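Counted from 1, the sequence shown has number 547 at position 14 by my numbering; the numbering is strictly sequential.
The structure appears right after this line, and notes come after that.
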Amino acid sequence: MKPRTGDGPMEAVKEGRLIIVRVPLEGGGRLVVSVNDDEAKELHDALAAAIS
């Protein structure tokens, strides 16, 4: 298990077969989500639709 970290930048890193996404939250802390390649593509499409 990795140590918890406080606030930080938004980031997405590949770790093995998963992509780890870290999103800073208002009020402190970060939301950490791990997704596979198919889920990442689905998330990309959903976010692209939301901002267009």
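Every residue, glycine too, gets a C-beta built ideally from N, C-alpha and C.
Since this is a predicted model, take the numbers as computed values, not measurements.
Per the DSSP calculation, residue i is bridged to which residue(s)?
i	result
L564	V556
L551	E548
I need the boundaries of the alpha helix (DSSP H) containing residue i, first residue and last residue.
i	result
D540	From DSSP, D540 is part of no alpha helix (DSSP H); its letter is neither H nor E.
Within the same chain, show all residues whose beta-carbon is closer than 7 Å to that of residue i, passing over the 5 residues directly before and after it, in chain order.
i	result
N569	R550, L551
S585	none
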